[in-house]
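With the sequence shown counted from 1, adding 213 to any position gets you my numbering.
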Amino acid sequence: MTDGYRILIAYQNEPFVNLKAEQFDKTRYSTDKQSLIDSLESSAKDSPNMESEKPTKSKMGRFESYAINRTKLEGGVLSTYLWFDDSDAQVLTAYILNDEPAARKFKTIDEYRNLRDRLLQKLSGCDVH
214 MTDGYRILIA
224 YQNEPFVNLK
234 AEQFDKTRYS
244 TDKQSLIDSL
254 ESSAKDSPNM
264 ESEKPTKSKM
274 GRFESYAINR
284 TKLEGGVLST
294 YLWFDDSDAQ
304 VLTAYILNDE
314 PAARKFKTID
324 EYRNLRDRLL
334 QKLSGCDVH
């Protein structure tokens with residue numbers, strides 16, 4: 214990584230997303246990208262109650278996306294998303310956070326998924342440059 218930023222996104226005054234925006238060295242980008250995907254897969258396998266043991270690959274806006282999601286409202290991180298912009302060797306990593314039941318702004322996994330999906334839709338339209 215040659216440069217990076219961390220951004221904490223709140224929802225109704227509670228931390229909701231820990232977002233990292235990183236610029237990678239173009240000569241090492243392919244290797245670094247695969248390492249990030251492998252690490253995400255390892256997290257999926259080693260964490261209980263995940264939707265899958267492998268990250269889900271999709272396209273979000275101009276980004277190639279890999280994600281893991283919990284099936285229950287437990288643990289400190291409910292979802293992790295990696296967005297790759299191969300043309301610019303840039304990566305966004307979003308850790309979508311859980312909170313104590315009394316403090317969180319969603320009560321069910323479906324409410325969480327709805328909120329997560331709205332956030333992802335907005336983030337995927339952001340320009341990383």
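Beta carbons: idealized from backbone N, C-alpha and C, even for Gly. All figures in this text were calculated on a predicted structure; none of them were measured in a lab.
For F229 against L310, the beta-carbon gap comes to about 6 angstroms, under 8 angstroms, which counts as contact. Contact between the stretch 214-234 and the stretch 246-257 is absent, with fewer than three C-beta pairs closer than 8 angstroms. For N282, the pairing in a beta bridge is given by DSSP as S292. Contact between E266 and N282 does not hold, since the beta-carbon distance rounds to 12 angstroms and is not under 8 angstroms. For N231, the uninterrupted beta strand (DSSP E) run begins and ends at E227 to Q236, by DSSP.
By the neighbour-count criterion, in which a residue is buried when 16 or more other Cβ atoms sit within 10 angstroms of its Cβ, S252 is exposed. Contact between D298 and F319 does not hold, since the beta-carbon distance rounds to 29 angstroms and is not under 8 angstroms. The three-state reading of DSSP puts R219 in strand, counting E and B together.
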